[in-house]
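So in this note's numbering, the last one in the sequence shown is 1498, and the numbering has no gaps at all. Glycine included, each C-beta is placed from N, C-alpha and C at the ideal position. Note that the structure is a prediction, hence the values are computed from the model and not measured. In what follows, a structure is listed as structure tokens, so that the remarks can point back to it.
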Amino acid sequence: MDLPHRMILKDGRLFTLDQGSGRSVHGEVIIISNGRSYREWAPWRSKLSALIKKTEMAFPGKSNILYLGAAQGTTVSHISDILEEGIIFAVEFSETAFRKLILLARERKNIVPILEDAFHPERFGMMVPPVDVLYQDVSQKEQLKLFLLNSRTFLKKGGLGILMLKSRSVDFTARPVDVYEEVSRGLRENGFKVETFIELDPFSVDHAAFVVRKI
Ligand SMILES: C[S@@+](CC[C@H](N)C(=O)[O-])C[C@H]1O[C@@H](n2cnc3c(N)ncnc32)[C@H](O)[C@@H]1O
């Protein structure tokens, strides 16, 4: 795997170079390599890690990112580690999760936490510039609608979109494959090229990742 310099693979496990306090953020293993502290980014804990593990995709190290569904910041913390330039605008509407997200943002320079409902970009638009990457991981029925709404508002032309889709949240009764097909069509009909589609099992069952480009 060709990794950016702030990531390493050790015994098949992925680690990111800690840019925080040196403490574990979400119970992850910390190792020291060449005198530097690295945090394990396990695919069981983060869908982005699962995507990178399965596809060897290189996550852009220099970009402004709008992240919808930040929760306590598990994945956000690893993106923060690998981001050499740019800011993560991390939107989360659960106050409980947000409390932890704020603590994480306090000890890192590249996270702006936003307590808002992602369905209302007009409420946080003044805080977010046009972005290079739109990342979405919300377990909601209207995941495609939310992604398109925010991409229209914030994602630059040519920008990268990563949509983590939970099929059972969209339609519990439908076959995941049918849900994925409908979402894929929706993305293509709304100005996106689907570059990669992959199911995230065994790490996240009934989840798939769409990596798309805004054309
Ligand atoms: C699966 S969790 C996200 C996990 C996180 N992305 C990670 O990898 O560390 C989904 C999160 O989306 C949040 N969420 C769901 N709908 C939302 C909305 N409309 N606006 C903001 N956050 C939302 C939930 O509160 C929850 O914390």
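request  = Go through its chain and collect everything with a Cβ distance to Gln1355's Cβ below 8 Å, but skip five positions before and after it.
outcome  = In the sequence shown, counting from the first residue as 1, residue 1355 sits at position 72. Only His1309, Ala1380, Lys1383, Leu1384 and Leu1387 meet the Cβ criterion.
ask   = Pro1396: buried (16+ other C-beta within 10 angstroms of its C-beta) or exposed?
value = Start at 1 with the first residue of the sequence shown, and residue 1396 comes out as number 113. Flag for Pro1396 reads buried.
query = Buried or exposed: Phe1455, going by 16 or more other Cβ atoms within 10 Å of its Cβ?
reply = Within the sequence shown, the letter at position 172 stands for residue 1455. Its Cβ having fewer than 16 others within 10 Å, Phe1455 is exposed.
message = Taking 7 Å as the limit, name every residue whose beta carbon sits nearer than that to some heavy atom of ligand 1, in sequence order.
response = Ser1329, Lys1330, Leu1331, Leu1351, Gly1352, Ala1353, Ala1354, Gln1355, Gly1356, Thr1357, Thr1358, Val1359, Val1374, Glu1375, Phe1376, Ser1377, Ala1380, Glu1399, Asp1400, Ala1401, Phe1402, Asp1420, Val1421, Ser1422, Gln1423 and Leu1429
ask   = Since Asp1364 is in the alpha helix (DSSP H), which residue starts that stretch and which ends it?
value = Within the sequence shown, residue 1364 is the residue found at index 81, counting from 1. Residues Thr1357 to Ile1365.
ask   = Which parts of the region 1309-1342 are runs of the alpha helix (DSSP H), unbroken and 4 residues or longer, counting only runs that do not cross its ends?
value = 1330-1338
inquiry  = Can you confirm whether the region 1462-1476 touches the region 1409-1417 when touching is taken to mean that 3 or more C-beta pairs between the two stretches lie within less than 8 Å?
reply    = no
inquiry  = Do Ile1313 and Ser1320 have their beta-carbon atoms positioned less than 8 Å apart in this structure?
reply    = As a working mapping, residue 1320 is identified with position 37 in the sequence shown. As a working mapping, residue 1313 is identified with position 30 in the sequence shown. Yes.
Of the residues Arg1389, Val1466, Asp1461 and Val1453, the one placed nearest Leu1431, counting alpha carbons only = Translated into the one-based positions of the sequence shown, residue 1431 becomes position 148. Closest option to Leu1431, Cα to Cα, is Val1466.
ask   = How is the alpha helix (DSSP H) around Gln1426 delimited, first residue to last?
value = Counting from 1 along the sequence shown, the entry for residue 1426 is found at position 143. Segment Gln1426 to Phe1437, the alpha helix (DSSP H) holding Gln1426.
message = Within the continuous beta strand (DSSP E) that includes Ala1491, where are the two ends?
response = For this step, residue 1491 is matched to residue 208 along the sequence shown. Where Ala1491 is concerned, the enclosing beta strand (DSSP E) stretches over His1490 to Lys1497.
task = Rounded to whole angstroms, what's the CA-CA distance from Val1495 to Leu1483? Just pull it up for me.
result = Mapped onto the sequence shown, residue 1495 falls at position 212. Mapped onto the sequence shown, residue 1483 falls at position 200. Roughly 16 Å separates the two Cα atoms.
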